[in-house]
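See below for the structure under consideration.
Protein chains: 2
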Amino acid sequence: MPDVFKRLLLGRPVRSDRRPRALLPKRVAMPVFASDAVSSVAYAPDEIILTLALAGLVATTVSPWVGLAVVVVMVTVIASYRQNVRAYPSGGGNYEVASVNLGPRGGLTVASALLVDYVLTVAVAVAAGAQYAASAIPGLRGNEVAFALVIIAGLVLMNLRGVRESGVLFAIPLYLYVGAVGLTAVVGLVRWATGTLPQAASAQYDLAPVPSYEQGLIGALGVFLVLRAFASGSAALTGIEAVSSGVPAFREPKARNAATTLTLVGVVSGFLLLSILFLARATGVRFVDDPATQLLHDGAPVGEAYVQDPVVGQLATAVFTGVPWAAPLVAVTAVLILVLAANTAFNGFPVLGSILARDGWMPRQLHTRGDRMALSNGIVALGVAAAMLVWVFDASVTALIPLYTIGVFVSFSMSQLGMLRHWARHLRTEPDARERARMRRSRAINGFGLGLTTTVLVVVVVTKLTHGAWVAILAMVVAFVLMTGIRRHYDRVGVELAVDVDAPATRALPSRVHAIVLVSHLHLPAVRAVAYARASRPSVLEAVTVGVDADDVAALRADWERTGLPVPLKVLDSPYREIVRPVLGYVRSIRRESPRDLVVVYIPEYVVGHWWEALLHNQSAIRLKSRLLFMPGVIVASVPWQLDSSARTRALAEHLDARPLPGDVRRGLTPPQGPTPLQGADR
Amino acid sequence: MPDVFKRLLLGRPVRSDRRPRALLPKRVAMPVFASDAVSSVAYAPDEIILTLALAGLVATTVSPWVGLAVVVVMVTVIASYRQNVRAYPSGGGNYEVASVNLGPRGGLTVASALLVDYVLTVAVAVAAGAQYAASAIPGLRGNEVAFALVIIAGLVLMNLRGVRESGVLFAIPLYLYVGAVGLTAVVGLVRWATGTLPQAASAQYDLAPVPSYEQGLIGALGVFLVLRAFASGSAALTGIEAVSSGVPAFREPKARNAATTLTLVGVVSGFLLLSILFLARATGVRFVDDPATQLLHDGAPVGEAYVQDPVVGQLATAVFTGVPWAAPLVAVTAVLILVLAANTAFNGFPVLGSILARDGWMPRQLHTRGDRMALSNGIVALGVAAAMLVWVFDASVTALIPLYTIGVFVSFSMSQLGMLRHWARHLRTEPDARERARMRRSRAINGFGLGLTTTVLVVVVVTKLTHGAWVAILAMVVAFVLMTGIRRHYDRVGVELAVDVDAPATRALPSRVHAIVLVSHLHLPAVRAVAYARASRPSVLEAVTVGVDADDVAALRADWERTGLPVPLKVLDSPYREIVRPVLGYVRSIRRESPRDLVVVYIPEYVVGHWWEALLHNQSAIRLKSRLLFMPGVIVASVPWQLDSSARTRALAEHLDARPLPGDVRRGLTPPQGPTPLQGADR
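Those protein sequence lines, which keep their order, are chains A and B. Take 1 as the starting number for the first sequence in our numbering and just add one per residue. Take 1 as the starting number for the second sequence in our numbering and just add one per residue.
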């Protein structure tokens, strides 16, 4: 049954050799990899303004300058990453740069940071999308969490289906969004230059003073608040590393095209961010964390009834005076691009998880592809984690933002540090003077980038630690510790299990086989188990029962003799009415007497069709099996007896298995060889 | 680890042959089996008074008459049960009477009713105990639910330990309670006769009129309310059937002693119930459901601060004027006997469950005794069910009472009906005239009992259906349907599995054994699995791997050749990256080609020491095993590889298993026989 559902939801399986690997032209690659970076323009200005608004109206006028600082960092990071994509075009991204140059622990640090950040990308983008959606569709107001969870579920499903980035489909939202917000910006700037820019609707409100900020941006507290606004705004830098991981998907010359895309992303994001902040100040847009109490109308709070639109929406309404659908239109394009941005994480997270699993840092399941070729386990894990975040933080962008950006700047800084080492290594061996000059220039850029991103990282940590950043840091530490533990486990097991080809132990066979058939009543499953055990002709064969009730034992013994089965029946005494311990003790005594013997324990098992039937059978068998597994030199052989009720389940399973898919079992990678008779050839 | 906890909590296991079977003299048997019946005096009067109090002060003066009606029913039921215990002294109780005389469905109806009622006995007794405890210890007020749950947990633990009813320990609370309440009654009656009985403290309050009862006990509504009070009061009859199930534990003459005990129970309960109700009226005790709003002081509600003691407590305070510890003392003895009453259900429920399991109506697990000889599964089931009831109904006796008594009267009526059939059957064959006269008299008593209990059942159902009785009825129906389903399942399986001794199929052996070793990498578990498979010398042996990744397959093939294992390696193609389906398909193809072959699938398995390690291994193996079990003619052989991390778990388990208990494995019920070599003897 679950299989039928799966097919309906996800479609038919996809063959391994049909994996499409279309290379992307720039006009398509840009939307695919840039949507994350560009989409942050949809919430970064809002966060800058609302942080500054804590210190009053005058403080918000600083916002364009904060935006400028963000853009300066952005330009630096993009310049640095242009070096990265050229030096590491394989798509490993920051994880590869750090691993190669800073060693496994460096790589793992970056990986932890990136994993946490991918989760936050989804959570923040979807939460912001829900806010935009609610601003366009009033019916959604108050249901943002549900809306966000539905979007995440949809993204999980879509990615499990393994929809390939079909260029056009993904390009449209980005171009629509850039077009809509860009037009707002350009028309707004023209109207400002011509002196016809009107005030925003919210300009009529005053801001309520917030305790400890009554004096505005004064002293250390004021500086701290500006830094906090900057830290929030630097969320606009997230998504840049997505381009560096995407290099292999670009057309040749891959690295150059990726670098150009990076520049484009920087230009577009920077322009949009600065214009929005500038126009927001020019039109007097008010944007605060809690409008009901922070916005004052004639000295009194506006109350719960007031609806605060996002900054871009307010701008669109002001700029396109008399066009009532301008703001909803911008909101719809914002929702689309934010969903697209969340989708970027659904590309990045599973791939990173798969690389980590390949390297032994994560469970192997993250490396296996599902039957639609998607890295299903990674997709589901990301979806679940993001949904939990959205639910816990009530889909509030403002609450989630402090957790964000830390991971980004950890990985920025680590990768810049890695690049410095990279250039130092290459400079040691490079003879060509021009090439050395180019490398020195690149090194200077990465060095400057390192300085700046480290500074920003410190600012972000200091200003936001108590606002929730500790959650993100804790998550990174947990991820790091977890991955180290998993790797240590796999390493230890690998050493333990390595086969020494030349050791004689590899070829030693047990001297004899001692077979035991466990029997409780004389019914068909037991008879079948005895027959199967006899068929394998063990050196010693005996049926064993545990004597809990003397009457039952007598009845079994009588039945046994009546049936005339040519196998002796041994009764183990169990004065404490246990089933498992007497059997274990008996097996142990056999092992002790003849340690080189192989003991095979045949257990008749019922196979039932309904889960509740399982409660009525097999309880002792399950416990016994789990304990026998701990004994060396013992094989546990389940001899199933399929109850009639299991026939329907079996038939359904066979029907589903038998669906005609190309390349089924009988077409092997090897030419089909018949089973080889071993009788007498061996031993 | 769980085993160590278990030992600490429950003590050392008890040998089957050490089951104590002490027979009880009357003075001990009475407390053991009578506590349930006598303890209901602790809450039945309160429920009668508070129900009548809905119709105002005048209505409560009817309460002794309602009590008298209850006592009349009680006398009838006890007279009837004196017939039951003589006719069916084997301890099967109502279930046996109904099964024998009314057929399995009749027995099952009684069993359903009794199971539900046992759960309610625990819930009601413990809830009432919590109320008494709170009246003695003010700190418990508001924590009644927690107190009740702790008591239930304690009872579960005590019964899992299997504390035998040590007479004296169980006799003390009953004699204390009967002594305390009896003394209150006698002194109260003497003071009433001498005209020195004071008014109760609560007599000063007036009762607030309740909507639709402003006129008192007028018309149909009034009659209905009196009937409802009677239905609540008939909770005093619960526990009588406990004596009838306890007959085998009495000393000879068992039946007569049990009958005498029944009479004693009736006399004591009846006297206490009537005196309490009479004295409560005489002293003007006020007892209402919600004192905060229903009690009026000078016309205004007394509010939340008022603490309402149980009726017996109020009586003790009034009767023993100037003795402040009289009420707390009565409360403490009430708590003790109520806990003892709940304990009765812990004796009855598991035994009934065990009998039902023996007859195939319940899962077999209810029939197995734990290592302390207790019917552990039944005890835990009862505890969990009662705890849930207490939790859902907030430990409120008034809320639980409507659910109670229905089951009791269903089983009363069914067993009386059964007795009528019993006498009819015996009268048909009995020649002796004196004996026939005795039987006719007994039949008349049972007939009268049937009429009365059926009437009460109708009254109870009609007056309480909407007050929660539907929950109990629903639970009985669910239990009935469930048990019928389980029996049908066991019956069907029994037919399916019956061995036809003479059928040749019983002795047919599979013609050849086709062994498959599943391999993913060439590491030690796989090498061991191959060696073990070779040791069992199958007709055909091949190693099989599923080719998901071409590079992995090539590496495995190279390793395989390098190691020189004398077993061919077959690669199953898996274009859809599945592990399970290709293997199933291959096994199916072998079965199709040679249906008489036995296929043994050897699966190397990791045995890990920590639960989280299990997440990193074996995931495919588990799914594969569960699917292979559905295939006829296939044995699944797990070849465990014990990882080093499992050594500690194994060592601990072996240490616990190896504890020196008498009668361990090597002392068999059978004289020890060495394993019999079968080599060549067979086939």
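Backbone N, C-alpha and C define an ideal beta-carbon position, used for all residues, glycine too. A quick note: this is a predicted structure, and the numbers were derived from the prediction, not measured.
A distance below 7 Å between beta-carbons, with the five flanking residues on each side excluded, links Phe-147(A) to the following residues of its chain, in chain order: Ala-130, Ala-133 and Leu-140. Interface annotation, Ile-152(A): not in contact with chain B, CB-CB separation never under 9 Å.
Under a 10 Å Cβ-count criterion, Glu-561(A) is classified as exposed, with fewer than 16 other Cβ atoms of the shown protein chains found around its own Cβ. Of all residues in the segment 566-596 of chain B, only Pro-566, Pro-568, Lys-570, Val-571, Leu-572, Asp-573, Pro-575, Tyr-576, Arg-577, Glu-578, Arg-581, Pro-582, Leu-584, Gly-585, Tyr-586 and Ser-589 place a beta-carbon less than 7 Å from a beta-carbon of chain A. Pro-138(B) is classed as exposed because its beta carbon has fewer than 16 other beta carbons within 10 Å across all chains shown.
Within its own chain, the residues whose Cβ lies closer than 6 Å to the Cβ of Pro-568(A), once the five positions on either side in sequence are excluded, are Glu-542, listed in chain order. Interface criterion met: the Cβ of His-523(A) is under 9 Å from a Cβ in chain B. Under the three-state reduction of DSSP, Gly-564(A) is assigned to coil, being neither helix nor strand. Contact between Ala-127(B) and Ser-354(B) is ruled out by a C-beta separation of about 27 Å, above the 8 Å threshold.
Membership of Ile-137(B) in any beta strand (DSSP E) is not indicated, and neither H nor E is assigned to it by DSSP.
The DSSP-derived three-state label of Tyr-602(A) is strand. Nearest C-alpha to Val-265(B) among Ser-589(B), Ala-255(B) and Pro-31(B): Pro-31(B). Within chain A, no C-beta atom comes nearer than 8 Å to that of Phe-480(B); the closest sits roughly 16 Å away. With respect to the C-alpha of Pro-350(B), the residue from Ile-379(B), Arg-358(B) and Ala-424(B) having the closest C-alpha is Ile-379(B). Contact with chain B is absent for Lys-254(A), since none of that chain's Cβ atoms lies less than 9 Å from the residue's Cβ. Proximity to Ala-444(B) across Phe-33(B), Leu-427(B), Val-460(B) and Pro-431(B) peaks at Leu-427(B), based on C-alpha coordinates. Counting only runs of at least 4 residues, the segment 257-309 of chain A fully encloses the following alpha helix (DSSP H) elements, listed from N- to C-terminal order: 291-294. Here DSSP, grouped into helix, strand and coil, assigns Val-32(B) to helix. With its beta carbon less than 9 Å from one in chain A, Met-631(B) belongs to the interface. Nearest to Tyr-606(B) by alpha-carbon distance, out of Ser-620(B), Ser-135(B) and Ala-53(B), is Ser-620(B). No Cβ of chain B is located within less than 9 Å of the beta carbon of Asp-432(A). For Ala-79(B), the enclosing alpha helix (DSSP H) stretches over residues 63-87. His-489(B) sits in a helix when the DSSP states are folded into three classes. A Cβ-Cβ distance of about 11 Å is found for the pair Val-181(B) and Val-319(B), leaving them out of contact under the 8 Å criterion. Sequence-distant Cβ neighbours of Val-122(B) in its own chain, meaning closer than 6 Å and more than five residues away, are Ala-342, Ala-345 and Ala-386. With the criterion set as a beta carbon lying under 7 Å from some beta carbon of chain A, the segment 335-353 of chain B has no members that meet it. Residue nearest to Leu-262(B) within the set Ala-381(B), Leu-375(B) and Thr-76(B) is Thr-76(B) (criterion: CA-CA distance). The beta carbon of Leu-497(B) sits closer than 9 Å to some beta carbon of chain A. With a contact defined as Cβ atoms closer than 8 Å, Gly-67(A) and Leu-274(A) qualify at about 5 Å.
The alpha-carbon separation between Val-339(A) and Ile-151(A) amounts to approximately 8 Å.
Assigned with DSSP and collapsed to three states, His-523(B) falls in coil, not helix or strand. Contact check between the segment 226-237 of chain A and the segment 34-50 of chain A: three or more CB pairs, one atom from each, fall below 8 Å, which counts as touching. For Arg-369(B), the chain A residues whose C-beta falls within less than 8 Å of its own C-beta are Arg-577, listed in chain order.
Thr-61(A) and Asp-36(A) have their C-alpha atoms some 27 Å from each other.
DSSP, reduced to helix, strand and coil, places Asp-549(B) outside both helices and strands of the structure shown, so it counts as coil. Around the beta carbon of Leu-169(A), fewer than 16 other beta carbons lie within 10 angstroms, which makes this residue exposed.
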